[in-house]
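For reference, the structure discussed in these notes is given below.
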Amino acid sequence: MLTAFGETPEQISAELHKALERFQVALPECQGHWMISPAPGRWSPAQVTEHVLMVNEVVAEIVVQLLAQTPRLPPSSGPGQVIGGKRVSPERLEPGQGTTWVELASRWQAACERLTTAATRLEDADLSRRYAHPFLGEIDAHDWLRMATFHTRHHRRQLEE
735 MLTAFGETPE
745 QISAELHKAL
755 ERFQVALPEC
765 QGHWMISPAP
775 GRWSPAQVTE
785 HVLMVNEVVA
795 EIVVQLLAQT
805 PRLPPSSGPG
815 QVIGGKRVSP
825 ERLEPGQGTT
835 WVELASRWQA
845 ACERLTTAAT
855 RLEDADLSRR
865 YAHPFLGEID
875 AHDWLRMATF
885 HTRHHRRQLE
895 E
């Protein structure tokens, strides 16, 4: 499934760039209802953006450590939960009540830069080094960046709704 988001390091990097750019392009359309949930039990655009940001920060850290061949990676968060047929975000990656874009913008840029910089180093990746994703199991640096692309696209579509 993840290879749809690039097979080579160059394709993975290009797909990641595209997903991040398209997400950011979708943000201005949400400003008029930034803190408003579209339906009960759904996140507001502010919460969706904060969640994507937090996930991208974590993925960037994992990929950097995988590429740096850090001898010991931190323990993973364990298997993910599915409630009502829906994957549930790990608690540490759930957003708060909502934060303004002005407050998130610099973190967003830093996370994007860290992800895209890591993507330029994929040629050097030791694909035998893996780290457990809550739903996908043990995946390598290429798959972590593919997952970030998938995740960012998924939530961009929520913003566009």
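Add 734 to the 1-based position in the sequence shown for our numbering, that's all there is to it.
In this text, a Cβ means the ideal position worked out from N, Cα and C, and glycines have one as well.
All of these numbers come straight from a predicted model, not from anything done at the bench.
In the DSSP assignment, glutamine 815 falls within the unbroken beta strand (DSSP E) covering 815-817. Between arginine 848 and alanine 780 a beta carbon distance of about 22 Å is seen, past the 8 Å cut, so the two are scored as non-contacting. Look at the beta carbons and you see the segment 786-802 touching the segment 873-889: at least three pairs across the two are nearer than 8 Å.
Closest by C-alpha distance to proline 808, out of Tyr865, Thr834, Ala844, is Tyr865. The beta carbon of glutamate 895 lies closer than 7 Å to those of Pro772 in the same chain, with the five residues before and after it left out. Annotation for leucine 827: His785, Met788, Val789, Val792 place their beta carbon closer than 8 Å to its own, counting only its chain and skipping 5 residues before and after. At least 8 Å separates the beta-carbon of isoleucine 746 from that of leucine 861. A distance of 8 Å or more separates the beta carbons of proline 762 and glutamate 857. Contact annotation: valine 759 and glutamine 892 have beta-carbon atoms that are not nearer than 8 Å. Within the segment 777-823, the complete alpha helix (DSSP H) segments of 4 residues or longer fall at 779-802, listed in chain order.
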